[in-house]
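Residue numbers (the working numbering): 6 to 167.
Only one structure is covered here, and it is reproduced in the block below.
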Amino acid sequence: MLRLVDIKNWLIKLDVKTIAEINKMSVREVNNLRVKELFSKGYVVADHFYIGKLDNKKQKSIGVYQLQTTNPNIAVGGLKNTKCREKTVSFLIHWNNNADDTEIKALELYYKFMNARNFYITNNILVNYIDLLVPEPIDVGTDNSNVYERVIQARFYYEEVD
């Protein structure tokens, strides 16, 4: 089963494709990006990653939260016949005191999600694609320290492979 910690660890490994680079690409080029061009080991997207709660509210942080869902999507015949499963997640981009910097970072992450297809998030979990549930990162204002925040909501469609 896909867990929040798996998603958090995957975020840590996202490659750098800035929004400026993506905007310069043709639609065909963006659609033809291979997973290894979108992801690589070692690049840190943010300075801090959290699951469930941003305790210290450090700048340049990304929080990963479970979203409530409706009924589970189970195929006729039960779990043994269910190939694709779903995990709905909310990402909080808690960036800095500059609204523009925060928006740019949130859009970079949003476009990475938009273009991600058929990649392994762990050794046995293949994510088919990420369905973005919002048309763009949602501006949720600032926290008590005037750090700007944006939220991305997404549904991961995945399958467990042996």
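Ideal placement from N, C-alpha and C gives every residue a C-beta, glycine not left out.
Smallest Cα separation from residue i: which of the options?
| i | options | result |
| --- | --- | --- |
| W100 | T93, V145, Y163 and D11 | V145 |
| I109 | E91, P142, V94 and I135 | P142 |
| K13 | E164, Y70 and E113 | Y70 |
| A159 | Y116, V81 and D105 | Y116 |
| Y55 | I98, Y134, Y162 and S31 | I98 |
| R8 | T87, Y153 and S95 | S95 |
| G68 | R90, N86 and I17 | I17 |
| A104 | T147, R33 and F161 | T147 |
| N149 | P77, C89, Y162 and N61 | N61 |
| R90 | W15, I135, P140 and R33 | I135 |
| F161 | K58, T74 and K85 | T74 |
For residue i, which three-state DSSP category applies?
| i | result |
| --- | --- |
| D148 | coil |
| D167 | coil |
| I12 | helix |
| K29 | helix |
| E154 | strand |
| K92 | strand |
| I79 | coil |
Should residue i be labelled buried (16 or more other beta-carbon atoms within 10 Å of its own) or exposed?
| i | result |
| --- | --- |
| E42 | Here the model assigns E42 a pLDDT of 47, short of 50, so the residue's position is not dependable, and the following value carries that caveat. Burial call: exposed. |
| E165 | exposed |
| T107 | buried |
| E154 | buried |
| L112 | buried |
| I130 | buried |
| S31 | exposed |
| I79 | exposed |
Indicate whether residue i and residue j have their beta-carbon atoms separated by less than 8 Å.
| i | j | result |
| --- | --- | --- |
| N133 | N120 | no |
| L201 | F118 | This structure cannot settle anything about residue 201, because the visible part of the chain is limited to 6 through 167. |
| T93 | L114 | no |
| V152 | N102 | yes |
| T127 | D11 | yes |
Scan the region 102–132 and note each continuous beta strand (DSSP E) run of 3 residues or more that stays entirely inside, going in chain order. 122–127
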